[in-house]
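Comments concern the structure below.
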Amino acid sequence: MATPETVHTGHGVPGPVQPSLLQGFPAATRPPGPPLAAHLPVARVQVETSLPHLDRPFDYSVPAELDQAAQAGVRVKVRFNGQELTGFIIERTTESDAGHTLVPLQKVISPVAVLTPAVRDLVNAVAARYAGTVNDVLRVAVPPRMARVEKDFLAAAVPEAAEAQRGTPTAGKTGQSTPGESGVAPGSSGEGGWAGYRNGPAFVRHLQEGGSPRAVFSPLQGYGQAAWPRLIAEAVAAVRASGRGALVVVPDYRDLDQLEQALLDVLPATDIARLTADDGPTPRYRSFLRILAGSARVAIGTRSAAFAPVQDLGLVVCWDDGNELHIEQRSPYAHAREVLLLRADQEGTACLMAGHARSTELQRLVEAGWAMPVEAERALVRRTVPRVLNTADSFEQERDRLALVARLPGAAWRAAKEGLERGPVLVQVARAGYAPSLVCETCREPARCQSCRGPLAIGGASGSSAIPQCRWCSTPAPDWQCVHCSGRKLRKGATGVLRTAEELGRAFSGKAVITSSGDQVKAVVGTANALVVATIGAEPVAEAGYAAALLLDGDSLLRRENLRAGEDTVRRWFNAAALVRPASDGGLVVITATESVAVGALLRWDPAGYARRELELRMELQLPPAVRIASVTGPRTAVVHFTAAVEHQLDPSGVHLRTAGPAPVILTGSAAAQQCDDVRTLLFFPYGQAGAVTRVLRSTKAAAAAKRTEEPVQVRLDGVDVL
DNA sequence: AGCACGCCGACT
DNA sequence: GTCGGCGTGCTC
């Protein structure tokens, strides 16, 4: 129990201690310090600290003069163990269980209640799901305050200012416009693009009538009037027509721009708010306030927008959930899809998970009966998608993409040549850059650096006569010798997009070549008959669709050492193929990968079938997403102790973990150059036991952080990229 | 993390 | 007899 003196130091008020306490009066009868709020004198505050064992609310007393401003959800400054820290008021209560006199709130940073009850619950659920801290999730969920923006916003909302001062930004329904006002043409526009999709029109109608249906949706097209942004916009308009708000999360800003354009056709601009870190902190906070106040009711953005405080949320949408950009790069690495699923569950909203391909996670939702599949009828597929050809043959066995590019397989060559007469032709390639990696000329194994095992390459700028260098540690390798066959001659391996473009430009002389990759990504290309060479994921949208597409490097994508290699490759193929015109319009996709299940899925345009089969395989192997996993990474002894502690705590509850490891961590990319002795243990557990497991993981992490006897370990849930 | 309290060696 | 080493433990 704290002494009266320590409680007093918390005030930050210099001067003598109140005599009543020195005389030993019970603290409860005469609390020291300023007079307190008469009603709900206790504020539960989530203090912003990065320490896992302090990741819970702490109680503070509410001075009378802060009573009005100190509403639930506002940012405050508090004294915490001698330091002044910021935090959020979680709620106001009448009593505290702290067991001693409370320190008063220091000040209210802003009267705007930026953390709404719904978002607070969501943040708690996400933290629990990922065994992370509430504070880590809060940092992602609530954008940093921009004082200037806030001032302008409160000034602009003069009629509502009084209410904002009381912590309720608006009366709640200000932004709720009738369908007529919002520009939604009910009925007619509602089902336009969705016709031809099984369950599609019903889904949209259900939204319009105020229902909360849940769908896994596989739209066919990535360009034009029937493209996915239109269909999502129609769903959003439908839910707006029911008076509710909507939230759409997309992987990157190019998707966001397309979506925004489509939404502007069905809703007034004032109803839409863009929430993305790319736009900068100021516009981001302005959009956030518009959503918070309810003056905009449709939030669109990248992953962190999943936490947007949309008023009366009726629909959450996630586009292309397989894209790894949906994974937050800060602890606890939450996936936007999972955040939205938790949210749909907690707020009882409708849910639309859409993508040209289907992830195994979404397949699981379909098979569990949680969501309804919305897929194109075969007739619509036939008249919408391009023809797909596979040219897997002896060319691939040469193991050299250069050979493929310089002497394209007959079918691919003809497709490109003929397509270029009718429009742009997309060439999808694997890697960016103009630094061709090197392989041994005799055995074709990649040439590796003798000091760090990194890949050797010839620097792009210095020309072909340059000495090969390691791409990770820059060690020159003038006397390279192959460790596999002792060969001494190098040759160029898989090449970058610029080189491919150059080769193709030569092959199709006279045609323009456009490249899109890395930091030179193009969002759209026109209708000109040009070759468009793009790295995977950087494919521009062609205004009137591509006449043809060549999907190269398929085999190297499929061969990646990753559980998701197949699923991810298929997703990228479908995303590219969806940009191509219908077969009836001459649209043709040529894929140069050896025959496999993945290629078959594209040939038959059957993303659902592929997901079904892939999930079945994961179930047999008991791998995610058939089960859930946690990875524990760090120094060997710390990992071993941590895992043992977790198993020990779970034992009484009858939860049995399947574990794998500890195994050394294999780092990729530039990080691999540095020394790393970390190991990783994987824990596998069924969904039904996930609550117990994450609870124990969290408490074990907190206990370890409090004790500080061991080096810290990183705990990560469902980080499927580690497999 | 900080910053307290707490129990054993070199100093006035 | 006091100052201070940093070993546990708590933070409303």
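Going by the working numbering, the first sequence opens with residue 200, and the numbers climb by one from there.
Every residue gets a Cβ at the ideal spot worked out from N, C-alpha and C, and that includes glycine.
Nearest to Gly736 by alpha-carbon distance, out of Leu466, Gly709, Glu766, Ala775, is Ala775.
Per DSSP, Ser295 lies in no alpha helix (DSSP H) and is assigned neither H nor E. In chain order, Leu637, Val638, Cys639, Glu640, Ala646, Leu655, Pro667, Trp679 place their CB closer than 8 Å to the CB of Leu689, counting only its own chain and leaving out the 5 sequence neighbours on each side.
Only exposed fits Cys684, as fewer than 16 other CB atoms lie within 10 angstroms of its CB. For Pro303, DSSP records a beta bridge to Ser260. Following the DSSP letters along the chain, one finds Leu239 in no alpha helix (DSSP H), marked with neither H nor E.
Spanning the alpha carbons of Arg857 and Asn280 requires a straight line of approximately 41 Å. Residue environment: Cys550 is assigned as buried (16 or more neighbouring CB atoms within 10 Å of its CB, all protein chains considered). Relative to the Cα of Arg291, the nearest Cα in the group Arg243, Tyr329, Asp470, Gln305 belongs to Arg243. Closest in alpha carbon position to Leu762, among Gly918, Gly622, Pro572, His555, is Gly918.
The shortest C-alpha to C-alpha distance from Ala327 to any of Arg255, Trp393, Pro418 is the one to Arg255.
When rounded, the separation of the alpha-carbon atoms in Thr714 and Ala676 is 31 Å. Fewer than three Cβ pairs drawn from the stretch 797 to 817 and the stretch 884 to 903 lie within less than 8 Å of each other, which leaves the two stretches out of contact. A direct Cα-Cα distance of roughly 8 Å separates Val449 from Ile499. Collapsing the DSSP output to three states places Ile308 in coil. Excluding its 5 nearest sequence neighbours in each direction, Phe841 has C-beta neighbours in its own chain below 7 Å: Val831, Thr899, Ala903, Val912, listed in chain order. Spanning the alpha carbons of Pro234 and Pro885 requires a straight line of approximately 53 Å. If you draw a 10 Å sphere on the C-beta of Pro262, you find 16 or more other C-beta atoms in it, and that means buried. Counting along the chain, Ala445 sits inside no alpha helix (DSSP H); it lies in the beta strand (DSSP E) bounded by residues 444 to 448.
Per DSSP, reduced to three states, the secondary structure at His847 is helical. Bridge partners of Lys691 according to DSSP: Leu637. The way I'd put it, the stretch 566 to 579 doesn't touch the stretch 824 to 839; fewer than three beta-carbon pairs between them come closer than 8 Å. The shortest C-alpha to C-alpha distance from Pro480 to any of Thr469, Pro343, Ala746, Gly618 is the one to Pro343. In the three-state scheme derived from DSSP, where H, G and I count as helix and E and B as strand, Pro316 is classed as helix. Cβ-Cβ distances below 8 Å link Arg586 to Ala782, Gly786, Leu787, Val788 in the same chain, with the five nearest sequence neighbours on each side left out; the list follows chain order.
Counting other Cβ atoms within 10 Å of its Cβ, Asp296 stays below 16 and is therefore classed as exposed. Relative to Ala271, the option among Leu820, Asp520, Val318 whose CA is nearest is Val318.
Under the three-state reduction of DSSP output, Pro861 falls in the strand class. Around Leu463, the same chain offers Ile471 as residues with beta carbons nearer than 8 Å, after the five sequence neighbours per side are excluded. The Cβ-Cβ distance between Ala743 and Thr726 falls below 9 Å. Secondary-structure assignment with DSSP links Trp393 through no beta bridge to anything. Restricting attention to Val628, Glu537, Ile490, Glu433, the CA atom closest to the CA of Pro824 is found in Glu537.
Bounds of the alpha helix (DSSP H) holding Ala901 are 889 to 906. Beta-bridge analysis with DSSP links Met552 to Val415, Cys517. Taken in chain order, the unbroken stretches of alpha helix (DSSP H) that lie wholly in the stretch 745 to 806 and span 4 residues or more are 753 to 757, 764 to 776, 796 to 802. Residue burial annotation: Gln719 is exposed, with fewer than 16 other C-beta atoms found within 10 angstroms of its C-beta.
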